[in-house]
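Enquirer: Input: one structure, supplied below.
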Amino acid sequence: MPEHTFRVNGEQVTVDVADDVRLLWVLRDILGITGPKYGCGINVCKACTSHLNSTAVNPCAIPVSDLEPTDEVTTIEGLPATVGQELHPMQQAWLDHDVAQCGYCQPGQIMAAVALVRRIAAEGRAITDADLDGLRNICRCGTYFRIREAIKAGARNM
Amino acid sequence: MTGTNGERVGRRRFLGYVLAAPTLVTAAEFGLAPVAASAPAPASGAQLPSPDITDVIDLNDMMTLAALPTSGLISVEVNQDGTVSFALPRAEVGQGITTSTAMLIAEELSVPLDRVRVTLADARLELVFNQLTGGSNTTFATYTPIRVAAAIARRRLLDAAATELGSAVTDLTLDTGVITDRSGRSVDIGALAEKAASTRNQQVPVELTARANFTVIGKPHNRIDALAAVTGRKKFAMDLDVPDAKPTMVCRAPTINGTVRSVANLGEVRAMPGVTDVVVISTGVAVRAETFGQCVDGVRALRVTWKPGTAEGKSDDIVLRELERAELPLGLPSPMPTVEAKFTFFFRGNSALEPNCAVADVRADRAEIWSSLKSPIVAKQTLAAKLGLPPSRVTVHVVEGGGSFGRKLFFDAALEAAEVSQKVGRPVKLMWHRADDSRQGRTHPMATSRVRASYLGDTVLGYHQRHTSVATDLGHGLGEIITATAAQLPVGDIGFSETFFQLSQTMSYNFGISTRLLSETDKGFNTGSMRNVYSPDVTCARELIVDQLAARMGKNPYRFRRDFLRDERSRAVLDKVAEVGQWGRAMPAGTAQGIAFHAEYKAVSAALIEIDCRPETVNRPIRDGVTGPRVTKVVFAVDVGLAVNPRGLEAQMMGCISDGIALALTSSLHLRDGYFLEASWDNYFYTRQWNTPPDLQIIVMPSTSENPGGAGELGVAASMAAVACAYGRATGTMPTSFPINHGTLSFTPKPTVPPIPPSPTDGLEHAR
Numbered sequence: 001m002p003e004h005t006f007r008v009n010g011e012q013v014t015v016d017v018a019d020d021v022r023l024l025w026v027l028r029d030i031l032g033i034t035g036p037k038y039g040c041g042i043n044v045c046k047a048c049t050s051h052l053n054s055t056a057v058n059p060c061a062i063p064v065s066d067l068e069p070t071d072e073v074t075t076i077e078g079l080p081a082t083v084g085q086e087l088h089p090m091q092q093a094w095l096d097h098d099v100a101q102c103g104y105c106q107p108g109q110i111m112a113a114v115a116l117v118r119r120i121a122a123e124g125r126a127i128t129d130a131d132l133d134g135l136r137n138i139c140r141c142g143t144y145f146r147i148r149e150a151i152k153a154g155a156r157n158m
Numbered sequence: 001m002t003g004t005n006g007e008r009v010g011r012r013r014f015l016g017y018v019l020a021a022p023t024l025v026t027a028a029e030f031g032l033a034p035v036a037a038s039a040p041a042p043a044s045g046a047q048l049p050s051p052d053i054t055d056v057i058d059l060n061d062m063m064t065l066a067a068l069p070t071s072g073l074i075s076v077e078v079n080q081d082g083t084v085s086f087a088l089p090r091a092e093v094g095q096g097i098t099t100s101t102a103m104l105i106a107e108e109l110s111v112p113l114d115r116v117r118v119t120l121a122d123a124r125l126e127l128v129f130n131q132l133t134g135g136s137n138t139t140f141a142t143y144t145p146i147r148v149a150a151a152i153a154r155r156r157l158l159d160a161a162a163t164e165l166g167s168a169v170t171d172l173t174l175d176t177g178v179i180t181d182r183s184g185r186s187v188d189i190g191a192l193a194e195k196a197a198s199t200r201n202q203q204v205p206v207e208l209t210a211r212a213n214f215t216v217i218g219k220p221h222n223r224i225d226a227l228a229a230v231t232g233r234k235k236f237a238m239d240l241d242v243p244d245a246k247p248t249m250v251c252r253a254p255t256i257n258g259t260v261r262s263v264a265n266l267g268e269v270r271a272m273p274g275v276t277d278v279v280v281i282s283t284g285v286a287v288r289a290e291t292f293g294q295c296v297d298g299v300r301a302l303r304v305t306w307k308p309g310t311a312e313g314k315s316d317d318i319v320l321r322e323l324e325r326a327e328l329p330l331g332l333p334s335p336m337p338t339v340e341a342k343f344t345f346f347f348r349g350n351s352a353l354e355p356n357c358a359v360a361d362v363r364a365d366r367a368e369i370w371s372s373l374k375s376p377i378v379a380k381q382t383l384a385a386k387l388g389l390p391p392s393r394v395t396v397h398v399v400e401g402g403g404s405f406g407r408k409l410f411f412d413a414a415l416e417a418a419e420v421s422q423k424v425g426r427p428v429k430l431m432w433h434r435a436d437d438s439r440q441g442r443t444h445p446m447a448t449s450r451v452r453a454s455y456l457g458d459t460v461l462g463y464h465q466r467h468t469s470v471a472t473d474l475g476h477g478l479g480e481i482i483t484a485t486a487a488q489l490p491v492g493d494i495g496f497s498e499t500f501f502q503l504s505q506t507m508s509y510n511f512g513i514s515t516r517l518l519s520e521t522d523k524g525f526n527t528g529s530m531r532n533v534y535s536p537d538v539t540c541a542r543e544l545i546v547d548q549l550a551a552r553m554g555k556n557p558y559r560f561r562r563d564f565l566r567d568e569r570s571r572a573v574l575d576k577v578a579e580v581g582q583w584g585r586a587m588p589a590g591t592a593q594g595i596a597f598h599a600e601y602k603a604v605s606a607a608l609i610e611i612d613c614r615p616e617t618v619n620r621p622i623r624d625g626v627t628g629p630r631v632t633k634v635v636f637a638v639d640v641g642l643a644v645n646p647r648g649l650e651a652q653m654m655g656c657i658s659d660g661i662a663l664a665l666t667s668s669l670h671l672r673d674g675y676f677l678e679a680s681w682d683n684y685f686y687t688r689q690w691n692t693p694p695d696l697q698i699i700v701m702p703s704t705s706e707n708p709g710g711a712g713e714l715g716v717a718a719s720m721a722a723v724a725c726a727y728g729r730a731t732g733t734m735p736t737s738f739p740i741n742h743g744t745l746s747f748t749p750k751p752t753v754p755p756i757p758p759s760p761t762d763g764l765e766h767a768r
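Here the protein sequences come in this chain order: A and C. At position 150 of the first sequence the residue is numbered 150 (UniProt numbering), and the sequence of numbers has no breaks. At position 360 of the second sequence the residue is numbered 360 (UniProt numbering), and the sequence of numbers has no breaks.
So this is what it looks like as structure tokens:
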């Protein structure tokens, strides 16, 4: 079987798996990294949202063969290390607003929020309600309002 | 103060146990919750009272009564490291009961919350009816027994400390897990855990902390699992590392509950990369592989011939005609003026974000199952029967769940996982694809509600509601509770669906003679008790009629409700939302306020909603989403009697509001030719960020009771009804079909063969 080498949460990994296996299953079923969740498998629910070279991606839609050895995949588990802290400011905002209910979607929500804030900051403007409306991550517990509040707070500390 | 086991022996005195154990273990019997329902308040003003069975007994009382004869104890254990352990015989699925349970223990035991370890108990057959998570009953039923066990532990620790420190118990204080005497000497409870233990079981009387002295209960607290949730460390069933439990998915029929006739290419699929096993099971063809991605590929490659399902050829319009035929009469027409309408509620999905899933390791002589289960005892019994094993050889672990909304009352995935594991002789980690969950999973049944209200002048003379529904499957244990207790209730000889209906509904207004009846038809669908069960539909219909009555009497909807509500507690929540939400404020054309009330689970709630139905809002562009009218503001007031964790209660109400918005405006399943068209979260339009109210306030009313009511489902009904009422006022037309957008299909249905869509390959193109 082909070998695939890339970086996950700061470490180089090599996996022996078919080219077309999607990154989500490489992370969860082979590497045992379970923060990214399955919610639909077709890049709709966004529960698996992670970062690839600092932008938000959905590993359920990325064949592992698309990755290069220098590509850096960051899952929720690796997010704090990107800022050299115990918790990323967005995770702290999530705690401060007690956002999670069941918690299943929240790793994906946080990863999407961080990428959104970075993108808006790069555009040199403040987050608007329209930006928040554009987030597609499903939360079936309906924590959306707290997510909005936490993103605004987390953005202030990023 | 005399009493038998676990009996209440005084105003706040109860009996519990110290159990023989190496470390301190204290216990109480389940079923200690007070049972007396409050008497109906006197009728206000000149309105005609509507006596109601739920004044005497409601569903919570019945579930609590059902627990009384059980002998199972729940126990609190003090560990030598100073932590306190408790195995909760309920399922945590997001509703926050591990946190509220830890708060009860922290209160009575005077330990910091972070020293309390709450886990979920394995299925315990001896608890009989008392391990079912449903009916918003958990806090109501566990509030007293958990505190009794913790209070006994506190007393034992103080006794042990008195010996240790050579002080009188009355000279000791227990604070944040440390016992201190008057001279300042102290000892941690962990150091006393062994000394306070007992070599024999003893019955002990104990007094509980008075409400006025609470320092933990009633104060807002963040979830105890919040850090695990935001760091990805929280483990759900599919995150468990069970040796050799490999990913497994099932190829399902193109129509609801279709079964396998034959498979043309079993060998070919078995030879696919990563695939380890392919077997025919009762619900389809299971594929076990090294990764779930390879299961998806295997499922899609299978060529299966199917037998028909249980809803073959049926579509929405056929089921609507079935419902019409099952309708019960509303009675003779009234000679007085009447308001009358019929409302339709289409099928809705109760999928959680975590799909149906379970891990199973079935061997020749034993089985072990891991799943998020709200009825683990019935699951265990059913699994044992299916596997041909004695129940004592089947271990059922209850795993924290990624949402439920009624779905996890059923154990469909656990049954499948066990069947597959038994057939392949190896452990499996079985998960439904989202498309399976949407098309073959449980639904809220399609229903109609017909209402007739008669009035004269300023008096409502009568209110009659006939709810007709596709049958709700209650075969998960709640049904057994109802069967077991229904004979003792003053409801006559009726089935348990009707009993459930009668006991969960109440007439909150002085509307004279009031009747409500449920009629069910067609058991061909996979239905379930979706969050708040009958209440969202029944209440939505009623509150819309209330607005019509108000209009006939020339009153505004708030004033009318206020005049007819039956008690002060109900009026207080209504007044609160009217005041905070500035009821009656001037708003532009095409926008409006709506107000609604709902009482259940010994709680009362009111919602004030503002909605924007102007074309520029309704037609705002969102890719692959339903926009429609936007709820721009929500004010929600709730009185659950005693709120153990007001922050958790707020969270529950927020979720209920999201559900209510979806039920009124956007979310439904479309039945065509024996299957549901929806196969994705971009087909089934649950509330998304673009539907979320930008302004939302939840008000937890001051405690009005010594005891907590239910909360997990409470807010859905008033939210849905208030959205519907606001929509009616904004558009000038009362909506009668829900969700309001059901008539427009807003997506292209995915194929049914293969039953699940391909995994996309273009993820990198969508990086942002």
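Cβ atoms here follow ideal geometry from the backbone N, Cα and C, with glycine treated the same way. All values derive from a computational prediction rather than experimental measurement.
1. For residue 145 of chain A and residue 393 of chain C, what's the separation of their Cα atoms in angstroms?
2. Please classify residue 689 of chain C as buried or exposed, where buried requires at least 16 other C-beta atoms within 10 Å of its C-beta.
3. Is residue 292 of chain C helix, strand or coil by DSSP?
4. Going residue by residue through the region 221 to 293 of chain C, where are the continuous alpha helix (DSSP H) segments of at least 4 residues, counting only ones entirely within it?
5. Cα separation between residue 571 of chain C and residue 230 of chain C?
6. Quick one: does residue 63 of chain A have its CB under 8 Å from some CB of chain C?
7. Apart from the five residues on each side of it in sequence, which residues of its chain come closer than 7 Å, Cβ to Cβ, to residue 50 of chain A?
8. Distance cutoff 8 Å, beta carbons only. Does residue 98 of chain A sit that close to anything in chain C?
9. What is the rounded straight-line gap between the Cα of residue 446 of chain C and the Cα of residue 323 of chain C?
10. Spatial neighbours of residue 338 of chain C within its chain, please: C-beta separation below 8 Å, excluding the five flanking residues on both sides.
11. Have a look at A:66, A:92 and A:150 and flag the residue whose alpha-carbon is nearest the alpha-carbon of residue 6 of chain A.
12. If you run the structure through DSSP and keep just helix, strand and coil, what is residue 466 of chain C?
13. Quick one: residues in its chain with C-beta nearer than 6 Å to the C-beta of residue 94 of chain C, no 5 flanking neighbours on either side, listed in chain order?
14. Restricting to Cα atoms, I'd like to know which of C:198, C:430 and C:294 is closest to residue 361 of chain C.
15. I'd like to know if residue 361 of chain C contacts chain A, where contact means its C-beta is closer than 8 Å to some C-beta of that chain.
16. What are the boundary residues of the alpha helix (DSSP H) that includes residue 372 of chain C?
17. I'd like the span of the beta strand (DSSP E) that includes residue 99 of chain C, first residue to last.
18. If we cut at 8 Å on Cβ distances, does residue 9 of chain A have a partner in chain C?
19. Report yes if the C-beta distance between residue 192 of chain C and residue 161 of chain C is below 8 Å; otherwise report no.
20. Among C:107, C:148 and C:99, which has the Cα closest to the Cα of residue 18 of chain C?
21. So is residue 89 of chain A in contact with chain C if we call contact Cβ pairs under 8 Å?
22. Which residues mark the beginning and the end of the alpha helix (DSSP H) in which residue 164 of chain C is found?
23. Could you please tell me which residues of the region 339 to 373 of chain C, in chain order, have their CB closer than 8 Å to any CB of chain A?
24. Under three-state DSSP, which class holds residue 20 of chain C?
25. Mark residue 701 of chain C as exposed unless 16 or more other C-beta atoms lie within 10 angstroms of its C-beta, in which case mark it buried.
26. Are residue 603 of chain C and residue 567 of chain C touching if we call contact CB-CB under 8 Å?
27. Would you grab the beta carbon distance between residue 327 of chain C and residue 450 of chain C for me? Rounded to a whole angstrom, and I think it's under 8 Å.
28. Report yes if the C-beta distance between residue 13 of chain C and residue 206 of chain C is below 8 Å; otherwise report no.
29. For a quick check, are the C-beta atoms of residue 276 of chain C and residue 264 of chain C less than 8 Å apart?
30. What does residue 610 of chain C reach in chain A if we use C-beta pairs closer than 7 Å?
31. Taking 8 Å as the CB-CB limit, is residue 114 of chain A close to chain C?
32. Which of the residues in the region 131 to 154 of chain A, read from start to end, lie with their CB under 9 Å from any CB of chain C?
33. Let me make sure I understand the geometry here. Which of C:357, C:363 and C:318 has the alpha-carbon closest to that of residue 346 of chain C?
34. Can you find the residues in the same chain that come closer than 6 Å, C-beta to C-beta, to residue 100 of chain A, ignoring five residues on each side of it along the sequence?
35. Which residue comes first and which comes last in the beta strand (DSSP E) that contains residue 719 of chain C?
36. For residue 240 of chain C and residue 428 of chain C, what's the separation of their Cα atoms in angstroms?
Expert: Checking against the coordinates, here is how it stands:
1. 46 Å
2. buried
3. helix
4. 226 to 231 and 266 to 270
5. 39 Å
6. yes
7. 36, 57, 59, 73, 74, 75 and 111
8. yes
9. 9 Å
10. 452, 453, 454 and 455
11. A:66
12. strand
13. 403
14. C:430
15. no
16. From DSSP, residue 372 of chain C is part of no alpha helix (DSSP H); its letter is neither H nor E.
17. Unbroken run through residue 99 of chain C is the alpha helix (DSSP H), 97 to 109; no beta strand (DSSP E).
18. no
19. yes
20. C:148
21. no
22. 138 to 165
23. 351, 352, 353, 354 and 355
24. strand
25. buried
26. no
27. 7 Å
28. yes
29. no
30. Ordered by position in chain A, no residue passes the 7 Å Cβ test against residue 610 of chain C, which lies about 15 Å from the chain.
31. no
32. 132, 133, 134, 135, 136, 137, 138, 139, 140, 141, 142, 143, 144, 145, 146, 147 and 148
33. C:318
34. 106
35. Here residue 719 of chain C belongs to no beta strand (DSSP E); instead the alpha helix (DSSP H) covers 715 to 731.
36. 12 Å
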